[in-house]
Amino acid sequence: MGSKTIKIVLILLSALFVTLMLILPLATVLVYSLRQGWRTFVSCVTDDYTVKALNLTLLTAAITLAVNTAFGIFSAWSIAKFRFRGKQALTTLIDIPFSISPIIAGLVFILIFGRIGWVYPLMEALDVKIVFAVPGIVLATIFVTFPFVSRELIPLMQSQGCDEEEAAALMGASGLQIFSRVTFPHIKWGLLYGVILCTARALGEFGAVSVVSGHLRGKTNTLPLHVEVLFNEFKLTASFAVASILVVIAIIILILRNIVEFRLKREEG
Amino acid sequence: MYVELKNLNKRFGNFQASDDVSFGIKKGNLIGLLGPSGSGKTTILRMITGLETPDSGDIFIDGTRVNDLPAAKRGIGLVFQNYALFRYMTVFDNIAFGLTVQKKDKKYIRDRVSELIKLIGLEGMEKRRPHQLSGGQKQRVAFARALAPNPHLLLLDEPFAAIDAKVRKELRSWLRDTINKVGITSIFVTHDQEEAVEVADEIVITNNGRVEQVGTPIEIYKDPKTPFAAGFIGKSVTIADYGKLHGFEKIEGFESALLRPEFVHIMKPQNELYPHASQRGIVEDIFFKGNTLELRVNLDGQKLVAYQSLDGASFSVGDEISVLIYRLYLLRENEVRLAENRSIKSEGNFFI
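Residue numbers (the working numbering), protein chains in the order written: chain A, 1 to 269; chain B, 1 to 352.
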């Protein structure tokens with residue numbers, strides 16, 4: 001009887017907490033953005049700058065995803081399937097972006113590629129702009145979302161061991177054959193899960209991007225930055241309307257995440 | 001010698017996994033690599049396959065040095081300890097894998113796989129996935145998969161370790177028969193001496209990365225060359241103060257002795273055979289072993305084990321009995337010497 005009471009109390013507490021801390025704020029965003037009616041909402045969302053910001057955000061996320069998926073697979077593969085010196089160090093280093101503040105991640109790029117940075121003369125000579133331009137935003141986003149895919153894959157691949165790969169190699173399969181026929185079927189759901197988390201983070205990244213972007217409206221403003229710009233200009237409705245785009249994307253990602261998680265669990269079970 | 005290992009060494013950090021390992025294998029033989037866990041058996045196996053590179057030493061297969069040959073080119077089939085079946089492939093695809101990688105034509109692959117499926121007796125299960133098979137069935141599929149590309153040498157890493165006791169016995173004799181039928185030179189790793197004795201033509205005993213002895217099971221049983229080999233094959237008890245036993249005297253340098261139950265004969269005191277060679281002991285415990293009785297006997301504080309056939313004299317716990325020890329293995333650092341009960345000899349001589 002006692003444990004049943006505890007169960008109910010715990011469930012109620014978590015539900016209350018989640019409602020207060022997560023659902024209510026998100027609902028507020030949606031309600032607030034619709035306060036002045038659909039027409040205003042649509043005009044805010046289809047505003048030229050908003051569309052450009054959305055495009056930039058999607059572009060950044062796409063590049064980040066491609067880079068980090070490739071890197072995630074390579075690093076997880078090397079860490080899980082090979083023995084080498086410094087493996088532990090590499091595993092720890094991959095986690096750096098999780099443990100340092102995004103603002104520092106942004107500053108790092110300013111210090112490297114900015115006017116005071118040591119690569120600046122070279123970039124100047126090549127006529128490439130990195131800081132306060134799209135490449136800087138992409139770099140900062142890649143940095144921040146770096147560990148998601150590999151973090152997801154490493155434990156998965158480690159738990160599988162190398163036996164199947166060794167068996168395949170012993171029968172003369174090439175590296176590519178081993179990956180596509182033996183390893184990939186095992187990691188595909190985990191990989192997708194990592195990719196989804198990485199996407200969510202890449203779309204929403206604010207701190208690091210804010211430092212390197214320069215906030216040039218229509219040029220280097222991503223969606224989260226655009227929300228801030230609008231907010232600072234006291235265009236509350238517009239700012240909430242743009243924010244609601246991010247909320248909708250987040251909800252879609254959440255649903256996808258749940259589907260993948262379900263498949264992942266079923267596969268493991 | 002078909003497979004020959006010469007002075008192989010392998011270190012993992014501070015751990016000497018292989019220490020000057022040398023032995024040879026005749027073509028067509030089934031070899032058991034026997035040793036306790038951590039004794040370096042699997043490392044030897046992995047060096048032969050090429051999954052591990054020795055720090056020094058040479059490996060010859062069929063007269064060619066294969067050290068620098070990649071694993072896939074050595075013509076070796078390996079059955080992994082946990083089978084390592086491809087879990088996302090069907091039984092058919094698992095067995096066919098080696099052949100598809102070699103780009104054999106479809107018809108050949110189909111024929112070869114169905115031939116192997118017949119050999120392992122899993123007809124009708126081609127479409128199953130590994131997780132739908134029992135342990136013994138997985139083992140057979142792993143065996144067929146290793147055989148599919150027609151290797152010259154088959155290696156099996158603890159092939160029966162993950163299978164329950166009853167199926168293990170069956171599978172053991174099945175594997176032996178099948179390997180003989182296919183006629184392939186094979187090496188299997190095991191820590192179970194009973195298994196090695198039953199299955200192998202020849203046994204290689206390993207301990208601490210070294211090879212202790214190579215020989216047929218009977219040779220090793222009858223004539224162990226090292227204290228470790230003497231203790232590992234057969235069931236035995238160590239006796240520290242063997243000089244106290246009737247008919248044996250302490251020999252300088254040999255610190256202890258090994259006594260096998262087969263060397264002990266027990267009798268009712270009134271039926272005693274050689275009074276000078278025998279001594280009195282107390283039965284402490286009796287275990288029924290299916291076809292014999294195993295008796296724990298206390299001989300002036302020294303515990304030993306003896307077997308008694310079921311239709312022989314019957315004893316019960318607490319009985320005083322007469323114990324006759326025929327022989328002992330005396331152990332020194334790296335030497336084993338067989339000692340016979342001298343009192344039996346002298347009495348015999350007296351009567352003749």
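Glycine included, each C-beta is placed from N, C-alpha and C at the ideal position.
Ranked by how close their Cα comes to the Cα of L295 of chain B, the residues B:P275, B:V323, B:F160 have B:V323 in first place. For F160 of chain B, no CB of chain A lies under 7 Å from its own CB, so it is not counted at the interface with that chain.
Scanning its chain for C-beta atoms nearer than 8 Å, with the 5 sequence neighbours on each side dropped, one finds no residue around G38 of chain B. Of the candidates A:L65, A:V242, A:S33, A:F143, the residue whose Cα lies closest to the Cα of S101 of chain A is A:F143.
Counting of Cβ neighbours within 10 angstroms places W189 of chain A among the buried residues, the total reaching 16 or more. Not a single C-beta of chain B is nearer than 7 Å to the C-beta of M157 of chain A.
Its chain contains N94, I95 as the residues whose beta carbon lies nearer than 6 Å to that of R145 of chain B, once the 5 sequence neighbours on both sides are disregarded; these appear in chain order. With 16 or more neighbouring CB atoms inside 10 Å of its own CB, E165 of chain A falls in the buried class. Taking a cut-off of 8 Å on C-beta distances, the stretch 236-249 of chain A touches the stretch 28-37 of chain A, as three or more cross pairs fall below it. Under the three-pair Cβ rule at 8 Å, the stretch 71-90 of chain B does not count as touching the stretch 218-228 of chain B. Listed in chain order, the positions of the stretch 97-121 of chain B with a beta carbon within less than 7 Å of a beta carbon of chain A are F97, G98, V101, Q102. For chain B, the residues of the stretch 169-201 of chain A that bring a beta carbon within less than 7 Å of one of its beta carbons are A169, L170, M171, G172, A173, Q177, V182, P185, H186, in chain order.
Close to chain A, meaning a Cβ-Cβ distance shorter than 7 Å, are the following residues of the stretch 42-60 of chain B: T49, L51. With distances taken between CA atoms, I137 of chain A lies nearest to A:T64 out of A:T64, A:D163, A:G175. Contact note: A72 of chain B reaches chain A through A169, L170, M171, G172, A173, using a C-beta cutoff of 9 Å and chain order. DSSP lists B:K10 as the bridge partner or partners of S18 of chain B. Contacts with chain B (Cβ-Cβ distance below 8 Å) from the stretch 41-57 of chain A involve no residue at all. Between the stretch 42-50 of chain B and the stretch 98-112 of chain B there are fewer than three inter-stretch CB-CB distances shorter than 8 Å, so the stretches are not counted as touching.
In the structure shown, E249 of chain B falls within a coil segment according to DSSP collapsed to helix, strand and coil.
For V214 of chain B, the three-state secondary structure derived from DSSP is strand. Here F98 of chain A is exposed, its C-beta having fewer than 16 other C-beta atoms within 10 Å. Rounded to whole angstroms, V212 of chain A and F148 of chain A show a C-alpha spacing of 22 Å.
The residue from B:N298, B:N207, B:D241 with its alpha-carbon nearest to that of G318 of chain B is B:N298. Ranked by how close their Cα comes to the Cα of G32 of chain B, the residues B:A196, B:D68, B:K73 have B:A196 in first place. Under the 7 Å criterion on CB atoms, E233 of chain A is classed as non-interfacial with respect to chain B.
Around the beta carbon of G50 of chain B, 16 or more other beta carbons sit within 10 angstroms, so the residue counts as buried.
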